[in-house]
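Enquirer: Let me give you the structure first, and then I'll get to my questions.
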Amino acid sequence: MTYTAEISRANPTCFVFVVDQSGSMNDQIGGEVAQRKAQVVADAINRVLYELTLKCAKEEGVRDYFHVAIIGYGLSVGSAYAGALAGRELVPLSEIAGSPARLEERNKKTPDGAGGLVDQTVRFPVWLDPVANGGTPMSQALGKAERLVSEWLDGHPSCFPPVVLHLTDGESTDGDPSPVAQNIMSLLSVDGNALLFNLHVSGAGGKAATFPDSDSALPDQFSRLLFSISSLLPVHMKAYAQQQGFSTSEGTRGFVYNADVSSIVQFLDIGTRASDLR
Amino acid sequence: MYGNAIACWWQKDGSSELEYEDAFAVGADGENDVWELTNQLRFLRVAVADGATESMLSGKWAQVLVQSYTVSRRRRMRTCVNRALDRWPRFLQEYKDGREEAGKPIAWYEEPGLERGAHATLLAVEFQSAPDGLSGTWIAEAIGDSCLFQVSDNKLKSSFPVGSSVEFDTSPALVHTGVHDRRLLEKYTTSLSGNWSSGDSFFLCTDALAAWFYAQHESGAEPWTIWREFHSSGDREDFREWVASERHSSRMKNDDVTLVNVQFD
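Have a look at this one:
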């Protein structure tokens, strides 16, 4: 259980998003800015994929350090890619980079070099659109993730353990997801157990939380359930979380409540990090 | 100064030769990564750099840094880095223009990386010779974890700037093309100086080799004996086979590797 395997083109790993697209995702998330849950999770996945792609981008193209699937669940359970990747399951990152459903132009504040900020237009790729329809077959969807990860490990037994990121409002309609979640976390590469992280988007209010080590401040049974089925952060990931300003302990889990989850991309080592002198 | 310098390098497993992102340069006459040191040479400058995996054009930036140091004389490393930083915007514009002309415009996923800039470590060493060419002084400066080892009388005499095998990680200090506050270069530059004599060996290397060297030395071995063999045989294939073997046995991290061995006769 070392979580030290290199992530490279010769030894890639997989990343599986599991996204709740049920009717309840039409509701609003709690917090100061009212947003549809479906929009929040779609933005979160597009942001993580964007960061993952930038991390692996080099002059000659995007390197296939990761193969990525997006499984949606609501009216049905299956691939949730929009555009040219629709229907695909695990897709090499270079293909993902080359096939966003569309590129949107967004404004970004950047330093002007004189202590201020200026607006800059950047192209932002979209692979997943917000969807909210039907029931919440969470167990079935996690079961599909389990199958994908298991098949991946058959072909890549030495890989860095696969990461499953589950994004939901937490109200399963096909039973307790705990057993299948435990099945995912018991899948093994020679380097360690697969990692299951959960992002809970909720209208229940309460304080946002990122990588907590206890469920005591979480607002309801859904968030506590999702906390309980989130992997403990491996040691090196806790160190990266600390570098990003989060406090951690032995019990810190890969769970986020109503907050940004894109920082997990920084938990993945592909080589020398591009950190600036400060 | 009498002797010679030889460079051995190899890319990470799974990468092509073109994707090698370390760089090295020796400020002397030579070809095919071998440089003869003659008694006309009073100064010798050698540099190695390691481009960061996570940034764009980092291999090119590593090359610009080492060349900026070895073509100049008597200038401290930070002055050479400043010159490289001044030259970089022009290089970047030429790169973008070249991509346009080649019909391969910058893709969306390259824009933020090019905006963010390139990153690399830098180790720079200057040797000076006494008139007899048989002894002299050296000064090394570094940002990051590329390392220098001096072996004298079959003993490790100096090592710089990292002190042990456990000090290597994936976040070394890096020279960044976008550094706004250039005083930071001074803050992060470390230096060490010493003397050399006829018979001494100097090894400049990037982090995977340096971590291997420390691990071997900490376990009581004399890792320089293997590296000297590459120097005396001059066979780069031997080096590459050895690197492959050490990687396979997990004694060495799979990373680009660069070794410049300066041997004073």
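Those protein sequences? They're chains F and C, same order as listed. This note's numbering applies: residue 1 is where the first sequence begins, and numbers increase by one. This note's numbering applies: residue 1 is where the second sequence begins, and numbers increase by one. Glycine included, every Cβ here is placed at the ideal spot set by N, Cα and C.
1) Measuring CA to CA, which of F:N26, F:C56 and F:W152 is closest to A274 of chain F?
2) Let me check understanding here. Comparing Cα to Cα, which of F:A84, F:G61 and F:G116 lies closest to R102 of chain F?
3) Does P125 of chain F get closer than 9 Å to chain C when you measure Cβ to Cβ?
4) Using the Cα positions of G254 of chain F and E237 of chain C, report the straight-line distance between them to the nearest angstrom.
5) Could you pull the start and end residues of the alpha helix (DSSP H) that H119 of chain C belongs to?
6) Against I270 of chain F, what residues of chain C qualify as contacts under a CB-to-CB distance less than 8 Å, listed in chain order?
7) Starting from A38 of chain F, trace the alpha helix (DSSP H) in both directions and tell me its first and last residue.
8) If I measure Cβ to Cβ from P137 of chain F and keep anything under 7 Å in the same chain, skipping five residues before and after, which residues do I get?
9) In chain order, what residues of the same chain have a beta carbon less than 6 Å from the beta carbon of S263 of chain F, not counting five sequence neighbours either side?
10) DSSP three-state label for S15 of chain C, please.
11) Please name the residues in the segment 35-55 of chain F whose beta-carbon is closer than 9 Å to at least one beta-carbon of chain C, in chain order.
12) If you measure from the beta carbon of N39 of chain C to each beta carbon in chain F, is any gap under 9 Å?
13) Starting from A244 of chain C, follow its DSSP beta bridges and name the residues at the other end.
14) If the criterion is Cβ atoms closer than 9 Å, does the pair D215 of chain F and S228 of chain F meet it?
15) Can you round the beta-carbon distance between K258 of chain F and V201 of chain F to whole angstroms, since I take them to be within the 8 Å contact cut?
16) List, in order along the chain, the chain C residues whose C-beta lies closer than 9 Å to that of A97 of chain F?
17) In chain order, what residues of the same chain lie with their CB nearer than 8 Å to the CB of N46 of chain F, ignoring the 5 residues before and after it?
18) Between D13 of chain C and chain F, is any beta-carbon pair separated by less than 9 Å?
19) Pull up the DSSP beta-bridge partners for S135 of chain C, would you.
20) Locate the beta strand (DSSP E) running through E146 of chain F, then write down its first and last residues.
21) Got a sec, what are the start and stop residues for the alpha helix (DSSP H) G113 of chain C sits in?
22) Can you round the beta-carbon distance between V286 of chain F and C14 of chain F to whole angstroms, since I take them to be within the 8 Å contact cut?
23) Can you list, in chain order, the residues of its chain with a C-beta nearer than 6 Å to that of L209 of chain C? Leave out the 5 residues immediately preceding and following it.
24) On the three-state DSSP scale, how would you describe V175 of chain C?
25) Classify H67 of chain F as helix, strand or coil using the three-state DSSP reduction.
26) How is the beta strand (DSSP E) around H166 of chain F delimited, first residue to last?
27) For L277 of chain F and C80 of chain C, what's the separation of their Cα atoms in angstroms?
28) Could you tell me the boundaries of the beta strand (DSSP E) in which Y257 of chain F lies?
29) I'd like to know whether the C-beta atoms of A266 of chain C and D13 of chain C end up nearer to each other than 9 Å.
Expert: A quick look at the data gives this:
1) As a working note, residue 274 of chain F is residue 274 in the first sequence. It is F:C56 whose Cα lies nearest to the Cα of A274 of chain F.
2) What you label residue 102 of chain F is simply residue 102 of the first sequence in a count that begins at 1. The residue with the shortest Cα to Cα distance from R102 of chain F is F:A84.
3) Along the first sequence, one-based indexing puts residue 125 of chain F at 125. So yes, P125 of chain F belongs to the interface.
4) In the first sequence, counting from the first residue as 1, residue 254 of chain F sits at position 254. In the second sequence, counting from the first residue as 1, residue 237 of chain C sits at position 237. Roughly 45 Å separates the two Cα atoms.
5) Here residue 119 of chain C corresponds to residue number 119 of the second sequence, with the count starting at 1. Segment H119 to S129 is the beta strand (DSSP E) holding H119 of chain C; no alpha helix (DSSP H) there.
6) Reading the first sequence from its first residue, position 270 is the one you call residue 270 of chain F. The contacting residues are T53 and E54.
7) For the purposes of this step, residue 38 of chain F is taken as the residue at position 38 of the first sequence. That run of the alpha helix (DSSP H) goes K37 to K55.
8) Taking the first residue of the first sequence as 1, we reach residue 137 of chain F at position 137. Answer for P137 of chain F: Y73, V77, T173 and D174, listed in chain order.
9) Counting from one through the first sequence, the residue named residue 263 of chain F turns up at place 263. Counting only Cβ-Cβ distances below 6 Å, and skipping sequence neighbours, we find Q244.
10) One-based indexing of the second sequence puts residue 15 of chain C at position 15. Reduced to three states, the DSSP call for S15 of chain C is coil.
11) Y50, T53, L54 and K55
12) The residue labelled residue 39 of chain C in the question sits at position 39 within the second sequence. No - not a single Cβ of chain F is within 9 Å of the one on N39 of chain C.
13) As a working note, residue 244 of chain C is residue 244 in the second sequence. Answer by DSSP bridge pairing: none, since A244 of chain C is not bridged.
14) Residue 215 of chain F sits at position 215 when you count from the first residue of the first sequence. Residue 228 of chain F sits at position 228 when you count from the first residue of the first sequence. Contact flag set, yes.
15) Here residue 258 of chain F refers to the residue found at position 258 of the first sequence. Here residue 201 of chain F refers to the residue found at position 201 of the first sequence. According to the sequence as given, residue 258 of chain F is Asn; it is not Lys. Indeed, because the Cβ distance is near 6 Å, the residues count as touching under 8 Å.
16) The residue given as residue 97 of chain F occupies position 97 in the first sequence. Those within 9 Å of A97 of chain F in chain C are A107, W108 and Y109.
17) Counting from one through the first sequence, the residue named residue 46 of chain F turns up at place 46. Here the set comprises F124, P125, V126, W127 and L128.
18) Position 13 of the second sequence, counting from 1, holds the residue named residue 13 of chain C. For D13 of chain C, the answer is yes, since a Cβ of chain F falls inside 9 Å of its Cβ.
19) For the purposes of this step, residue 135 of chain C is taken as the residue at position 135 of the second sequence. The partner list for S135 of chain C (beta bridge, DSSP) reads C:S197.
20) In the first sequence, residue 146 of chain F corresponds to position 146, counting from 1. No beta strand (DSSP E) contains E146 of chain F, which is instead part of the alpha helix (DSSP H) from M138 to G155.
21) Within the second sequence, numbered from 1, the residue matching residue 113 of chain C stands at position 113. Looking at the DSSP string, the run of the alpha helix (DSSP H) that includes G113 of chain C is E111 to R116.
22) It is not possible to answer for residue 286 of chain F, since the shown part of chain F is limited to 1 through 278.
23) Numbered from 1 along the second sequence, position 209 holds the residue referred to as residue 209 of chain C. Around L209 of chain C: V257 and L259.
24) On the second sequence, position 175 is the one that residue 175 of chain C refers to. In this structure, V175 of chain C counts as strand in the three-state DSSP scheme.
25) In the first sequence, the residue the question calls residue 67 of chain F occupies position 67. If DSSP states are grouped into helix, strand and coil, H67 of chain F belongs with the strands.
26) In the first sequence, the residue the question calls residue 166 of chain F occupies position 166. Start and end: V163 to T168.
27) Residue 277 of chain F sits at position 277 when you count from the first residue of the first sequence. Residue 80 of chain C sits at position 80 when you count from the first residue of the second sequence. Approximately 17 Å between the Cα atoms of the pair.
28) Working through the first sequence from its first residue, we reach residue 257 of chain F at position 257. Element bounds for Y257 of chain F: F255 to Y257.
29) In the structure as shown, chain C starts at 1 and stops at 265, and residue 266 of chain C therefore has no counterpart that could be examined.
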